[in-house]
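Each residue of the sequence shown is one higher than the one before, starting from 4 at the first, in the working numbering. Since the structure comes first, as structure tokens, the remarks are kept for the end.
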Amino acid sequence: MNRSRINLNSLAREKMEMARNRLTVAVFLFAGIFILMAARIIDLGFFESVSGSIRTHASWNGEILPNRADIVDRNGVVLATNLETSSLYADPRLIIEPEASAVRLVSVLPDLSKAYVEGKFRSGGRCVWIKRKLTPKEVWRVNALGIPGLSFQMEEERVYPQGSIAAHVLGYVDVDGNGLGGVEHFFDARLANPLQSEPLRLSIDIRVQHALEDELARAVNSFSAIGAAGVVMDVRTGEILALASLPDFDPNQANRAVDEQKFNRATAGVYELGSVFKTFTIAMALESGKIPLADGYDATDPIRVSRFLIRDDHPQKRFLTVPEIYVYSSNIGAAKMALDLGTDVQRKFLGKLGFFRPANIELTEVGFPIWPERWRDINTMTIAYGHGIAISPLQLAVGISAMINGGYLIPATLIAKHEGEDESARRIISTVTSDKIRQLMRAVVTIGSGANADLPGYRIGGKTGTAEKAGSGGYQKKLLVSSFVGVFPMNDPRYLVLAVIDEPKGTEATWNFATAGWVAAPAVRNIIARIAPLLGVSPQQEDDTLAVQVAHLMTEFE
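Following this line, the structure appears as structure tokens:
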């Protein structure tokens, strides 16, 4: 009995020992597997942290572009989007023969220098960029070399399918996808937000944009100008349908553009814009109630103030009514009118139009207006006809819109608006005054200096503006900024078109004149002829009420 009990105890101990041994083996086995897995994770983590600098900002800002949202025009046409591309990097510790490998790599990527590539190969570390965003053909050629230590990383490249069209509106991004100009910069956080996948829909109509740029380029070439700016705007909503600046650039190759090409003349440039400012002078005169249309001023002789002489470019040498001052663009009449109204009235009115602050638009490239530090009587007189104050073309477009849309100042926007959306409009002038300004602007085109802008059936109204550029020795008579602002259809204003031509030179066809009526007015006419059908504006017979009013306007006071 005792012996059998001893055998049973011995057998139980042997089984327990065997189980303990098996458990120990299992523990060591699991520990070994855990150690191997940990080592692999550390290994992967190390190398991923090296090559992962391609995907994160951890070491040298080489991240993959986020899924940056598209930019589209008001009709859904893609203006900016992302495409997958490959970027080449190297692990220098795996490059066996740096010099020979550099020679071979440069043979298929000739835009790189041997010294640059060899320097990268000898730089140490585990991961260095060689070239970003290769073409598929370049990727194939590099792979064909079979050089150990070279690898590719998939990235996303920002592309602009329309090329240089609307370049100053869109802007561009850097190699890491950060917005550097235009709406790419202004809306950078929104476009780069991975939670925001909806395209950014602009107010721009790419068809209208192309027509604007094409006609401005034609004017620049025809008159050997140094540049131009243009705006097409919906005067009822403030939406910008087109905004152009020449010279321009291709945002796909923004690094090749010089500063002059990237400069946005339409929003960042500020200019003395000449007689278009008479629109504001007439408007504030009518709005004041002190100077009715039937009133007028003697424009027989130039005005001398100290060393300054104010004269008319096309002198009538007689008494001019208010309508005649505008239609014949009399500097003398406008100066006397402004002086009667007073400096305070003028400053207050221009301030209401926003001319003492940068343009309110979804761009960071906006210029600061320039006005006299000491606003004396002579300044009041010259500003009445657009000299002595400098604003951007966009600001002028917004101001003129307020003069003819019923009197409301509506902020300009590059973002498409929804039907019935709040316009945030502020009344500047009365509807009655606005109606009178519309009549006057129509008269400028039918019988005044803007005759070259007339287009039968479209009832275009407008105003010319020719200003001499200021220089170190005073105003330069041969360096002009020629502008024309046109609105159509004038009986029910909807669209404004502004063309500003910088330093045009007269031609034989213009009798060597480079003034706005010869240079900018025809450009606006051509633009309207191209965009009106696109915008649904059809030509109509001219026997409208406004035409009758215009006909009476210049005969009533003779």
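Yeah, the Cβ is synthetic: ideal placement off N, Cα and C, and Gly gets one too.
query: Over the uninterrupted beta strand (DSSP E) stretch that includes LEU483, give me the two end residues.; result: 477-491
query: For my contact list, ALA473 and ARG528 are in at a C-beta cut-off of 8 Å; report their separation, rounded to the angstrom.; result: With 8 Å as the limit, ALA473 and ARG528 do not qualify as a contact, their Cβ atoms being about 29 Å apart.
query: Inspect the beta-carbon positions of ALA169 and LEU82 and report whether they are closer than 8 Å.; result: yes
query: Here's the rule: buried if 16 or more other CB atoms are within 10 angstroms of the residue's CB, otherwise exposed. What is PRO305?; result: exposed
query: For PRO372, which residues from the same chain have a beta carbon less than 8 Å from its beta carbon, with the 5 sequence-adjacent residues on both sides left out?; result: VAL273, PHE358, PHE359, ARG360, PRO361, ILE392, ALA393, ILE394, SER395, GLN398
query: Express the C-alpha separation of ARG204 and GLY79 in angstroms, rounding to a whole number.; result: 7 Å
query: What residue range is occupied by the uninterrupted beta strand (DSSP E) comprising ASN529?; result: No beta strand (DSSP E) holds ASN529; the alpha helix (DSSP H) holding it covers 519-534.
query: From what residue to what residue does the beta strand (DSSP E) around LEU86 run?; result: 81-93
query: Helix, strand or coil: which one does DSSP assign to VAL131?; result: strand
query: In terms of residue numbering, what span does the alpha helix (DSSP H) encompassing SER116 cover?; result: No alpha helix (DSSP H) contains SER116, which DSSP labels as neither H nor E.
query: Find the nearest neighbour of ASN382 within the set VAL369, HIS421, LYS140, LYS339, judged by alpha-carbon distance.; result: LYS339
query: For ILE207, which of LEU97, THR367, ALA419 has the nearest alpha-carbon?; result: ALA419
query: On the premise that LEU366 lies in contact with GLY185, defined as a C-beta separation below 8 Å, what is that separation, rounded to the nearest angstrom?; result: 6 Å
query: Is the CB-CB distance between VAL540 and ASN408 below 8 Å?; result: no
query: Specify whether the region 286-304 and the region 263-270 touch according to this definition: at least 3 beta carbon pairs, one from each stretch, less than 8 Å apart.; result: no
query: DSSP beta-bridge partners for LEU499?; result: MET236, VAL490
query: Taking only three categories from DSSP, how would you classify PRO542?; result: coil
query: Spatial neighbours of PHE352 within its chain, please: C-beta separation below 6 Å, excluding the five flanking residues on both sides.; result: MET287
query: Could you work out which residue in ARG429, SER485, PHE491 is closest to MET444 when comparing CA atoms only?; result: PHE491
query: Taking only the alpha-carbon atoms, compute the straight-line gap between GLN156 and ASN181 and give it to the nearest angstrom.; result: 19 Å
query: In angstroms with no decimal places, state the Cα-to-Cα distance between LEU244 and VAL235.; result: 5 Å
query: Among all the DSSP beta bridges, which residues are the ones paired with GLY468?; result: SER486
query: On a Cα-Cα basis, can you pick out the residue from GLU506, TYR175, GLY464, PRO197 that is closest to ALA222?; result: GLU506
query: Where does the unbroken beta strand (DSSP E) through LEU306 begin, and where does it stop?; result: It is Ile, not Leu, that sits at residue 306 in the sequence shown. Taken as a continuous stretch (DSSP letters only), the beta strand (DSSP E) holding ILE306 covers 306-308.
query: Tell me whether THR324 sits in a helix, a strand or coil according to DSSP, three-state version.; result: strand
query: Using the Cα positions of LYS335 and GLN349, report the straight-line distance between them to the nearest angstrom.; result: Residue 335 is actually Ile in this sequence, not Lys. The alpha-carbon atoms of ILE335 and GLN349 are separated by roughly 17 Å.
query: For ILE534, which residues from the same chain have a beta carbon less than 7 Å from its beta carbon, with the 5 sequence-adjacent residues on both sides left out?; result: VAL211, ALA214, VAL235
query: Please state whether DSSP places GLY122 in a helix, a strand or coil.; result: helix
query: Name the DSSP beta bridge partners of ALA231, please?; result: LEU249, ILE504
query: For PHE155, which beta-bridge partners are listed by DSSP?; result: LEU91
query: In this structure, what does DSSP give as the bridge partners for THR416?; result: GLU242
query: What separation, rounded to the nearest whole angstrom, lies between the Cα atoms of TYR329 and THR510?; result: 27 Å
query: Could you tell me the distance, in whole angstroms, from the CA atom of ILE432 to the CA atom of ILE403?; result: 12 Å
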